[in-house]
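Below you'll find the structure, written out as structure tokens, and then a few comments.
Protein chains in written order, with the working numbering: chain E, 18 to 549; chain S, 86 to 446.
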């Protein structure tokens with residue numbers, strides 16, 4: 018299994034327990050110097066805990082096994098010796114660069130701290146070295162950025178600063194915990210290229226913790242697949258992708274979205290139309306002054322019955338704002354939005370009320386979109402209370418139960434007493450099903466799906482997408498599918514709109530748009546997502 | 086993965102229902118079960134309920150006048166209407182003093198009997214015929230002794246506790262309600278409403294409360310209602326800040342957005358979605374607010390700005406205790422009662438927080 022005779026990092030029979038639950042179960046693997054190794058798995062598979070165990074950063078856990086780094090046993094080292102390793106020979110970068118950097122210190126200060134600590138450099142000397150490191154990671158104008166606070170940098174720049182910090186002491190091993198998950202696709206590609214270049218130049222080994230199979234395939238030499246604490250498969254990346262041995266690996270690889278679009282009848286009527294929709298926010302810039310920020314500029318769209326319109330774009334592109342404007346949850350500055358021929362932008366309450374029933378929404382975060390103090394029965398039944406007050410209590414409960422059964426939450430599916438349970442008793446995928454049930458129980462015509470699968474693991478993602486496609490066909494629903502994930506958009510949409518900085522840069526039939534993108538930005542997006 | 090796969094992924098938490106065949110508990114029953122699981126809190130609730138019941142019906146527990154008295158073939162109900170002494174064959178036209186040796190002798194005669202409270206003293210009844218000078222130590226006639234005006238300590242404590250605890254409950258209810266109302270309006274609507282109300286609150290909060298109390302105490306006859314109104318005017322300020330902060334956070338959560346998309350009105354969203362998720366600080370502070378309210382009345386009484394001296398109160402007892410340091414039977418029981426009450430309230434608050442936390446199984 019070991020790729021070279023002298024591995025840099027060697028983990029043997031590592032087991033990590035929290036109380037009585039085993040999170041990492043008998044995991045063994047080795048990383049050779051200069052190798053790019055990925056631990057891949059879904060949430061809760063123990064991949065992050067394994068990586069943190071290398072640095073002995075897991076609190077309140079009992080670990081057994083052997084971790085050898087550079088020939089030395091890390092488990093036997095004192096806390097003091099470990100401190101000199103962390104940030105020294107072993108560097109680490111985290112998923113969310115905003116929270117991993119201290120907001121009260123400049124980037125230069127934070128890099129300097131590492132240098133003082135591990136290299137014994139004097140404070141005055143660190144500044145020059147910090148500028149050098151920032152320049153190395155490709156941050157423009159490093160002389161100026163060295164004095165910037167984390168919030169003054171963009172997401173990609175912050176991640177670059179984090180990398181600069183991790184590289185300050187020329188580590189032999191760099192652990193990257195989901196290094197690109199919080200970033201937009203085009204930025205992701207840049208960060209990965211940077212890591213790749215730095216790795217080649219400095220000859221360090223990289224340990225990637227990720228759930229992103231694309232990243233694994235494109236950037237790593239070897240891969241280990243983890244499932245529920247167990248390392249189920251290890252091997253050369255190309256071999257594992259071409260010929261997966263373990264059942265779970267096969268499932269994981271097969272869970273790339275498949276297209277589930279049914280052709281539309283030619284005479285499908287237009288349900289929702291937006292013309293020259295503009296949304297702007299007033300940002301106070303002083304006591305009495307205001308600046309207007311245009312989140313959406315002149316968006317025009319049409320949605321027919323049974324159709325899925327995919328809206329794709331990076332963060333800040335205005336795709337969610339447009340979705341909220343279509344739901345009349347966000348007042349618009351110009352243009353008009355109509356639902357079934359009736360204008361709903363800036364409409365009166367009564368008109369909006371009937372509209373609400375015809376147009377529903379499913380939001381991204383299944384943990385935040387359900388009130389934790391309401392039972393599932395209350396959550397799903399709430400809309401019926403409001404819009405179908407004529408129903409008796411028993412009829413309402415029957416409808417709610419039927420809906421929950423339809424989304425796969427009932428005794429039949431092995432989930433008992435759904436109505437009386439609270440959202441926290443369900444997994445992420447199940448919660449998203451509850452959110453879908455809440456929307457569909459009203460029998461709406463249009464469903465706005467705002468990143469409905471982004472917070473879910475890949476395999477669960479596929480199940481939810483399948484459910485959505487099924488509901489669309491059964492109820493003739495129209496979807497507005499907002500996502501940053503091009504693969505998901507391609508799998509679900511009839512037509513696609515690409516947004517960038519508030520503008521619609523390209524629009525067209527899904528497959529032809531993906532096959533022959535016209536706009537440069539679309540091409541860039543597709544290239545970054547490795548779909549072109 | 087194909088579309089026909091089983092559609093449930095494994096739940097992260099084991100199903101909490103003990104046996105799948107039994108009928109699941111309603112949300113309220115589950116909240117009560119969570120409350121009961123906190124043993125200390127549950128026991129404290131019972132202890133507090135007993136204390137509260139004893140104090141509320143203090144006349145039944147501690148009363149100088151018997152409930153029923155049979156004298157010379159006639160039945161009297163002195164606890165309800167006290168007969169004049171002449172009616173019982175005495176000399177005075179004033180209401181009967183049941184501690185008078187004449188009445189005692191009368192009761193000792195055959196055929197006469199009475200049923201009285203277990204502690205035959207009221208808060209303001211003085212035994213003018215006692216042998217020892219007040220304050221006198223605990224004895225069989227006065228289980229906790231006598232205060233410096235010759236009144237029974239146990240009765241004084243019981244009646245004083247009643248005044249204090251009900252005053253605290255009223256003050257807490259009023260202050261918490263105003264605090265939740267103001268905080269939720271500020272937090273939910275935000276923007277200009279929030280800004281304006283915050284500034285007004287700052288002005289209001291900088292009014293010197295104590296001086297105002299002193300001024301009012303000299304203008305009006307101090308009474309519980311006046312104190313309740315005056316303390317309520319400022320009591321909500323601190324809590325509304327916490328509620329406001331919770332609302333500011335919770336109103337931007339996705340489930341509120343989902344509720345708006347369902348078409349719920351602002352009032353419905355506040356009541357069903359934001360408020361239940363914003364009550365953690367309210368419940369956390371509830372026992373402390375109760376304790377603070379008890380202490381507020383106690384300290385005002387101690388300063389002489391509180392209720393009139395004839396009204397029994399814990400503050401008045403503390404002051405007596407301070408003035409009569411050698412009479413430990415005044416200060417010690419008062420102190421113990423106060424401490425125990427605060428402890429019980431804190432424990433109940435803990436259990437209450439468990440009950441409201443739906444995540445606790």
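The beta-carbon is built from N, C-alpha and C at its ideal position, and this holds for glycine as well.
Would you kindly report the start and end of the unbroken alpha helix (DSSP H) that includes residue 10 of chain E?
-> This structure cannot speak to residue 10 of chain E, because chain E is shown only from 18 to 549.
Contacts that residue 408 of chain S makes with chain E (C-beta to C-beta distance below 9 Å) | One-based indexing of the second chain puts residue 408 of chain S at position 323. Near residue 408 of chain S there are no residues of chain E at all, since even the closest Cβ is about 51 Å away, more than 9 Å.
By Cβ distance below 7 Å, which residues in the same chain neighbour residue 553 of chain E in space, the five residues on each side in sequence not counted?
-> Shown here, chain E extends from 18 to 549; a query on residue 553 of chain E therefore has no answer.
Residue 418 of chain S beta carbon less than 8 Å from that of residue 243 of chain S = Looking up residue 243 of chain S in the second chain gives position 158. Looking up residue 418 of chain S in the second chain gives position 333. Contact flag unset, no.
Does any C-beta atom of chain E lie closer than 8 Å to the C-beta of residue 111 of chain S?
-> Counting from one through the second chain, the residue named residue 111 of chain S turns up at place 26. Yes - at least one Cβ of chain E is within 8 Å of the one on residue 111 of chain S.
May I ask you to report which of helix, strand or coil DSSP gives residue 306 of chain E?
-> On the first chain, position 289 is the one that residue 306 of chain E refers to. It is coil, neither helix nor strand.
Check the DSSP bridge columns for residue 377 of chain E and list the partner residues they point to.
-> In the first chain, residue 377 of chain E corresponds to position 360, counting from 1. Beta-bridge pairing links residue 377 of chain E to E:464.
Check whether the Cβ atoms of residue 151 of chain S and residue 199 of chain S sit closer than 8 Å, and answer yes or no.
-> Looking up residue 151 of chain S in the second chain gives position 66. Looking up residue 199 of chain S in the second chain gives position 114. Taking 8 Å as the Cβ cut-off, residue 151 of chain S and residue 199 of chain S qualify as a contacting pair.
Closest by C-alpha distance to residue 365 of chain E, when choosing among E:526, E:346 and E:530 = Translated into the one-based positions of the first chain, residue 365 of chain E becomes position 348. Of the candidates E:526, E:346 and E:530, E:346 places its Cα closest to the Cα of residue 365 of chain E.
To the nearest angstrom, how far is it from the Cα of residue 413 of chain E to the Cα of residue 398 of chain E?
-> On the first chain, position 396 is the one that residue 413 of chain E refers to. On the first chain, position 381 is the one that residue 398 of chain E refers to. So the alpha carbons of these two residues sit roughly 7 Å apart.
Can you find a C-beta in chain E that's less than 8 Å from the C-beta of residue 242 of chain S?
-> Here residue 242 of chain S is taken as the residue at index 157 of the second chain, counted from 1. Output row for residue 242 of chain S: interface = no.
Quick one: list the residues of chain E neighbouring residue 475 of chain S, beta-carbon separation under 7 Å, in chain order.
-> No answer is possible for residue 475 of chain S: the residues shown for chain S start at 86 and end at 446.
For residue 149 of chain S, which residues in chain E fall below 7 Å Cβ to Cβ?
-> Against the second chain, residue 149 of chain S aligns to sequence position 64. For residue 149 of chain S, no chain E residue has a Cβ inside 7 Å of its Cβ, as the nearest lies near 51 Å away.
How many whole angstroms separate the CB atoms of residue 256 of chain S and residue 157 of chain S, which I take to be in contact at a CB cut-off of 8 Å?
-> The residue you call residue 256 of chain S lines up with position 171 of the second chain. The residue you call residue 157 of chain S lines up with position 72 of the second chain. Not a contact, Cβ separation roughly 49 Å.
Should the region 445-457 of chain E be called in touch with the region 469-481 of chain E, which here means at least 3 C-beta pairs below 8 Å?
-> Counting Cβ pairs under 8 Å, three or more are found: they touch.
Return the residues of the region 325-356 of chain S that lie within a Cβ-Cβ distance of less than 7 Å from chain E, sorted by chain order.
-> Listed by position along the chain: 338, 339, 340, 342, 343, 345, 346, 347, 348 and 349.
Apply the 10 Å Cβ neighbour rule to residue 195 of chain E and answer buried if 16 or more other Cβ atoms are within range, or exposed otherwise.
-> For the purposes of this step, residue 195 of chain E is taken as residue 178 along the first chain, with counting starting at 1. Answer is buried; the Cβ neighbour count reaches 16.
At least one CB of chain S closer than 8 Å to the CB of residue 455 of chain E: is that the case?
-> The residue you call residue 455 of chain E lines up with position 438 of the first chain. Residue 455 of chain E counts as touching chain S.
Given a cut-off of 8 Å, decide if residue 376 of chain E and residue 461 of chain E are closer than it, judged by their beta-carbon atoms.
-> Stepping through the first chain from its first residue, residue 461 of chain E is reached at position 444. Stepping through the first chain from its first residue, residue 376 of chain E is reached at position 359. In this structure, residue 461 of chain E sits near residue 376 of chain E, with a CB-CB distance shorter than 8 Å.
Under a Cβ-count criterion, where at least 16 other Cβ atoms within 10 Å of its own Cβ denotes burial, should residue 97 of chain S be classed as buried or exposed?
-> As a first step, residue 97 of chain S is located in the second chain; it is residue number 12 there, counting from the start. Confidence at residue 97 of chain S is low in this model, with a pLDDT of 46, below 50, so the placement of that residue should be treated as unreliable; the coordinate-derived value is given next. That one is exposed.
Sequence-distant residues of its chain with Cβ nearer than 6 Å to residue 156 of chain E (five each side left out) = For this step, residue 156 of chain E is matched to residue 139 along the first chain. Short of 6 Å from the beta carbon of residue 156 of chain E, and not among the five residues preceding or following it, lie these beta carbons of its own chain, in chain order: 162, 174 and 177.
From residue 44 of chain E to residue 407 of chain E, what distance separates their C-alpha atoms?
-> Position 27 of the first chain, counting from 1, holds the residue named residue 44 of chain E. Position 390 of the first chain, counting from 1, holds the residue named residue 407 of chain E. Across the structure, residue 44 of chain E and residue 407 of chain E are spaced so that their CA atoms are roughly 59 Å apart.
Would you say the beta carbon of residue 247 of chain S comes nearer than 7 Å to a heavy atom of the ligand FAD?
-> The model depicted lacks the ligand FAD and carries no ligand whatsoever.
At a CB-CB cut-off below 8 Å, which residues of chain S make contact with residue 389 of chain E?
-> Taking the first residue of the first chain as position 1, residue 389 of chain E is located at position 372. 362, 443 and 444, listed in chain order.
Opposite residue 198 of chain S in the DSSP bridges: which residues?
-> By one-based count along the second chain, residue 198 of chain S stands at place 113. For residue 198 of chain S, which the question treats as bridged, DSSP gives the partners S:155.
In chain S, which residues lie with their C-beta within 7 Å of the C-beta of residue 312 of chain E?
-> Position 295 of the first chain, counted from the first residue, corresponds to residue 312 of chain E. In chain order: nothing, as chain S lies at least about 16 Å away.
Which of the three DSSP states, helix, strand or coil, is assigned to residue 349 of chain E?
-> Position 332 of the first chain holds residue 349 of chain E. Note: residue 349 of chain E maps to coil in three-state DSSP.
Candidates E:223, E:400 and E:82: which alpha carbon is nearest residue 29 of chain E's?
-> Counting from one through the first chain, the residue named residue 29 of chain E turns up at place 12. Closest by alpha carbon: E:82.
Chain E residues whose Cβ lies nearer than 7 Å to that of residue 358 of chain S | In the second chain, counting from the first residue as 1, residue 358 of chain S sits at position 273. Those within 7 Å of residue 358 of chain S in chain E are 388.
Please list the residues of the region 357-372 of chain E that have a C-beta atom closer than 9 Å to any C-beta atom in chain S, keeping them in chain order.
-> The region 357-372 of chain E vs chain S, Cβ under 9 Å: 366, 369, 370, 371 and 372.
Whole-angstrom distance between residue 205 of chain E and residue 536 of chain E, CA atom to CA atom | Translated into positions along the first chain, residue 536 of chain E becomes position 519. Translated into positions along the first chain, residue 205 of chain E becomes position 188. Note on geometry: alpha-carbon atoms of residue 536 of chain E and residue 205 of chain E lie some 20 Å from one another.
Proximity test, Cβ basis, 8 Å: residue 43 of chain E and chain S = Numbered from its first residue, the first chain carries residue 43 of chain E at position 26. Not closer than 8 Å to any Cβ of chain S, the Cβ of residue 43 of chain E fails to qualify, so no.
Assuming residue 222 of chain E contacts residue 49 of chain E (C-beta within less than 8 Å), just tell me the rounded distance between them.
-> Counting from 1 along the first chain, the entry for residue 222 of chain E is found at position 205. Counting from 1 along the first chain, the entry for residue 49 of chain E is found at position 32. Confirmed, about 7 Å.
Residues near residue 146 of chain S in its chain [Cβ-Cβ closer than 7 Å; skip 5 each side] | Here residue 146 of chain S refers to the residue found at position 61 of the second chain. Counting only residues of its own chain and dropping the five nearest sequence neighbours on each side, residue 146 of chain S has a CB closer than 7 Å to the CB of 139, 202, 203, 204 and 243.
Partners in chain C for residue 377 of chain E, counting only beta-carbon separations shorter than 7 Å = Any reference to chain C falls outside this structure, whose protein chains are E and S.
With a threshold of 16 other CB atoms inside 10 Å of the CB of residue 389 of chain S, please say whether the residue is buried or exposed.
-> Here residue 389 of chain S refers to the residue found at position 304 when the second chain is read from its first residue. Exposed is the label assigned to residue 389 of chain S, since fewer than 16 other Cβ atoms lie within 10 Å of its Cβ.
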